[in-house]
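Below is one structure, written out as structure tokens; the observations come after it.
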Amino acid sequence: MTAPPTSSHRSDTLGGLAFVALWSTGYIAAEFALTGGGAFTVAVLRFAASALIIGGWLLWRPASPAGRSALRHAAVAGVLLQAGFFGFTYAGMRAGVPPAAAGLIAGLMPLVTALGAAVLLGERMTRWTLPGLLLGLAGVLLVVAPQLRAPDSALGYAAMLAALLSLSGGTLYQKRHSGAIDPRLSLWVQLVAAGLVLLPFAGALEGLQYTPGPAAFGGLAWVILVNSCAGLLLYLWLLHRGAAARVAGLFYLVPPATALMAAIVLGAGFGGREIGGFALAAAGVWLGQRR
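Have a look at this one:
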């Protein structure tokens with residue numbers, strides 16, 4: 003029997019909230035994973051292990067064949083969505099950007115993507131997009147402005163800006179060049195392409211060395227198994243139900259959820275200024291996604 007609409011909507015919302023929670027934990031886990039090695043090494047290990055797991059899934063249940071063009075587009079999207087976003091994010095965090103601030107900046111992705119779609123793809127913006135973006139930026143600046151005074155902090159936040167632009171650019175590219183390809187195969191191609199792109203940097207700059215202490219190993223295992231694999235399974239389920247738009251609508255919850263986790267797990271400060279900044283950013287992302 004088909005579930006009633008209210009039950010289906012409730013399931014999609016709960017699934018979306020679970021996905022947001024999984025996405026948010028990635029910044030906390032990365033903080034631990036980065037204690038064992040460099041940013042690019044952590045990213046390469048994440049991509050390699052995730053590709054092995056997804057590859058095993060594909061061997062167990064093969065995907066439908068895909069054309070060269072679809073595979074090429076998946077590889078380009080992987081360079082942007084995986085190598086660019088995670089490589090720059092981990093580099094920014096390694097340079098001192100707190101997990102909560104990293105999640106806050108990346109949380110502006112829906113607004114930056116909407117603006118990019120209007121400029122690059124000719125899509126119409128809603129009347130709320132620009133006000134939402136300005137409100138979100140005000141929230142980010144309220145939180146990170148004091149940290150910008152610290153020595154060498156500009157490099158870390160520049161990396162986070164590059165991560166945000168890479169994530170938004172990859173989302174736009176995938177939207178424009180999405181084709182008939184199994185999402186599992188697309189993700190596997192993305193992971194392999196991202197790993198190959200970052201491998202030379204991990205080798206030349208970091209010696210591809212990783213010291214798996216308990217915290218580092220736990221953090222790395224978490225980003226691989228929970229973020230990459232469990233998050234993927236949940237997102238595929240939501241895609242199958244046609245609930246991807248609902249997940250995007252909940253993205254404004256990522257920054258405050260990350261900040262709350264950072265306060266609980268890492269003991270990060272969460273005073274009035276931070277609360278105000280995260281509230282402004284969340285309101286901006288929510289406002290910017292209104293139709």
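Going by the numbering used here, the sequence shown opens with residue 3, and the numbers climb by one from there.
Idealized CB from N, CA, C, for every residue including glycine.
Based on Cα-Cα distance, which residue from the options lies nearest to residue i?
i	options	result
Ser2	Pro258, Ala284, Leu137, Gly89	A question about residue 2 goes unanswered here, because the residues of the chain that appear run from 3 up to 293.
Tyr254	Arg96, Phe49, Ile55, Phe280	Phe280
Phe21	Arg292, Phe203, Leu282, Leu236	Leu236
Glu178	Arg275, Glu276, Ala79, Glu33	The displayed chain sequence assigns Arg, not Glu, to residue 178. Nearest of Arg275, Glu276, Ala79, Glu33 to Arg178, Cα basis: Ala79.
Ala161	Ala195, Leu123, Asp14, Thr91	Thr91
Val46	Thr15, Trp288, Gly124, Ser230	Ser230
Trp62	Leu187, Leu167, Ile30, Val121	Leu187
Gly89	Leu122, Ala68, Gly138, Ala195	Ala195
Leu252	Met263, Arg275, Gly286	Gly286
Ala35	Gly124, Ala65, Ala218, Leu268	Ala218
Leu210	Arg48, Thr15, Tyr159, Ser168	Arg48
Quick check on residue i: does DSSP put it in helix, strand or coil?
i	result
Gly220	helix
Gly271	coil
Gly209	coil
Gly58	helix
Gly40	coil
Gly69	coil
Pro214	coil
Leu252	coil
Pro257	helix
Pro202	helix
Arg292	coil
Arg63	coil
Our contact map puts residue i next to residue j with C-beta atoms below 8 angstroms; I'd like the distance itself, whole angstroms only.
i	j	result
Arg96	Gly17	So it is not a contact: roughly 32 angstroms between Cβ atoms.
Val225	Leu24	Actually they do not touch by this definition, with Cβ atoms about 10 angstroms apart.
Thr131	Gly233	Actually they do not touch by this definition, with Cβ atoms about 27 angstroms apart.
Gly205	Ala50	No, Gly205 and Ala50 are not in contact; Cβ-Cβ is about 13 angstroms, not under 8 angstroms.
Ala221	Ala76	According to the sequence shown, residue 221 is Gly rather than Ala. Gly221 to Ala76, Cβ: 28 angstroms. No contact.
Ala270	Ile183	Their Cβ separation, rounded to whole angstroms, is 40 angstroms, which puts Ala270 and Ile183 out of contact at 8 angstroms.
Leu163	Leu135	Actually they are not in contact, since the Cβ atoms of Leu163 and Leu135 sit about 14 angstroms apart, beyond 8 angstroms.
Applying the criterion that 16 or more other CB atoms from any shown protein chain within 10 Å of the CB defines a buried residue, is residue i buried or exposed?
i	result
Gln84	buried
Met3	For Met3, the predicted model reports a pLDDT of 42, less than 50, meaning its position is unreliable; a value from the coordinates is still stated below. With fewer than 16 Cβ atoms within 10 Å of its Cβ, Met3 is classed as exposed.
Ser52	buried
Pro101	buried
Ile378	Residue numbering for the chain in the displayed model covers 3 to 293; residue 378 lies beyond these limits and cannot be assessed.
Gln192	buried
Leu166	buried
**Entirely enclosed alpha helix (DSSP H) segments - the region 78-128, minimum 4 residues** = You should have 87-96, 101-108, 111-122.
**Prompt:** Fully enclosed by the region 127-198, which beta strand (DSSP E) runs are 3 residues long or longer?
**Reply:** The region 127-198 contains no whole beta strand (DSSP E) run of 3 or more residues.
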